[in-house]
Amino acid sequence: MRSAHKPYLLALGGMALVALAGCGGAGDRSPGGCFADPILPSGREVLCGIADTAFLTEFIALTIDPGTGALTRLPVEVPPILCSGGIVAVGVQFLYISLPLTEGCPPGVPEIFGFALDQTTGAPTALAGSPFSLPSDASPHGLAAVPNSHFLYVADGSRIDAFAVDSVTGVPTAIAGSPFASGESLQLAVDPSGKFLYASDDDPPGGVLAFTIDSGGALTSVPGSPFTIPGQTVPNSRPTGIVDTGRFVYTALTASNQIAGFSIDSGTGALAPVAGSPFPAGSLPAVLAMANSFLYAVNEHDGSISGYGINSVTGVLTPLRGSPFARLSSSATLAADTSGKFLYDSTTVGIQGYSIDACTGALTAAPGSSGSIDGSLWMTVVQFPSPAAQ
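So that you can map any letter, position 347 of the sequence shown is 346 in numbering that gives the first Met the number 0, and since no number is skipped, the others follow by simple counting.
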């Protein structure tokens with residue numbers, strides 16, 4: 000039975016170019032090949048968002064109906080945020096947002112904004128000392144966190160910044176050796192095991208950077224990294240959005256209109272191309288989201304969402320029946336709820352929710368989607384524990 004507790008969706012209005020991938024639940028297939036309706040935690044689920052290029056003065060909270068996916072707006076006031084390059088939660092306690100120095104952002108200094116998440120209401124409150132300044136030459140974008148730890152990583156041009164987050168105050172402190180050299184990366188993904196970090200590599204010819212994460216949070220490049228993409232049709236395929244399923248890594252290739260897939264060596268973190276990779280996508284795929292064994296990609300120029308089934312053994316992607324699915328408008332952000340039952344698409348005309356068919360992965364517009372939020376958002380999901388477990 001589903002919980003009576005309603006999850007919350009936090010959002011900021013504005014425009015975004017690309018977004019961090021949402022995380023779907025693991026789910027189990029029934030004997031008929033469909034995913035069984037998952038037993039959801041009784042705690043709230045929170046989807047947090049931040050715009051890329053607008054001047055903003057508040058978060059917007061939307062409750063998510065756990066049965067229908069419908070959205071109901073609740074206002075939550077926080078300090079002003081000017082612009083962002085990414086968003087991530089560290090555990091269920093803290094939320095971090097990057098402020099880069101890029102086109103569309105106001106002049107100033109690169110910073111990381113930090114918030115504490117109220118464990119009862121889901122409301123964010125600015126941390127003491129926030130925002131946290133970065134070196135003047137920094138350009139922070141995508142963020143990632145290690146599951147069940149307090150390590151925070153920031154894609155910062157040709158390097159990756161690593162921080163240890165204080166479990167009480169939420170203040171991030173640079174890890175010894177940080178920043179760690181990398182290729183030109185915009186998006187990050189941490190393996191569910193917490194042992195590896197992957198980054199999309201925008202340096203020609205394009206590929207995926209791989210690192211091991213030690214017990215102190217320090218990064219070491221995996222031998223063979225960066226891992227290049229076979230069968231490229233352009234000089235640089237420009238990888239952007241990236242997700243890690245625990246067995247496979249997928250990245251969106253914006254220049255070649257494809258999705259590249261790699262299998263993960265569970266011992267070393269090394270990557271090997273999935274048979275048939277890269278796989279066709281629509282025009283300018285930029286954002287990826289996982290929901291159970293389904294992968295979704297936003298095609299910015301097509302105004303569509305491509306859907307794929309993931310072979311759990313080989314990692315091969317198979318287009319879903321009915322794919323690509325139509326979107327409300329342009330721009331590109333996606334996030335799936337933790338049950339894998341709903342997919343949220345934040346566009347320039349509002350947030351559209353979709354129900355995900357447990358058998359086919361097909362998308363159907365969900366009721367109560369919000370057109371009151373102006374612009375697409377970077378999004379990340381937080382699943383709170385049940386009140387009894389806190």
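C-beta atoms are modelled at their ideal positions from N, C-alpha and C, and glycine is treated no differently. Note that this is a predicted model, so its numbers are computed, not measured.
Proline 323 sits close to isoleucine 304, with the two beta carbons spaced by under 8 Å. It is roughly 14 Å from the alpha-carbon of leucine 333 to the alpha-carbon of valine 348. Note: arginine 72 is bridge-paired with Leu61 in the DSSP secondary-structure output. Contact between the stretch 191-209 and the stretch 115-131 is not established, with fewer than three Cβ pairs separated by less than 8 Å. Its Cα nearest to that of valine 189, the residue Thr211 stands out among Ala335, Thr211 and Ile111. In the three-state reduction of the DSSP assignment, phenylalanine 226 falls in the strand class.
Between proline 99 and glycine 121, the gap from beta carbon to beta carbon reaches 8 Å or more.
For valine 164, the enclosing beta strand (DSSP E) begins and ends at 150-164. Counting C-beta pairs closer than 8 Å gives fewer than three between the stretch 264-277 and the stretch 285-295, which falls short of the contact rule. Judged by beta-carbon spacing, glycine 141 lies beyond the 8 Å limit of isoleucine 174, meaning their Cβ atoms are not closer than that value. Counting along the chain, the unbroken beta strand (DSSP E) around threonine 239 starts and ends at 238-243.
Between the alpha carbons of phenylalanine 383 and alanine 50 lies a gap of roughly 23 Å. In this structure, the alpha-carbon of proline 130 lies about 5 Å from that of isoleucine 111. When only Cα atoms are considered, glycine 339 and proline 178 end up about 34 Å apart.
A Cβ-Cβ separation of about 28 Å leaves leucine 218 out of contact with alanine 127 under the 8 Å criterion. In this structure, leucine 327 sits near threonine 346, with a CB-CB distance shorter than 8 Å. The C-alpha of glycine 306 is placed about 26 Å away from the C-alpha of proline 146.
The DSSP-derived three-state label of aspartate 344 is strand. Taking the Cα of aspartate 165 as reference, the smallest distance to any Cα among Pro123, Gly113, Asp202 and Ser138 is reached at Gly113.
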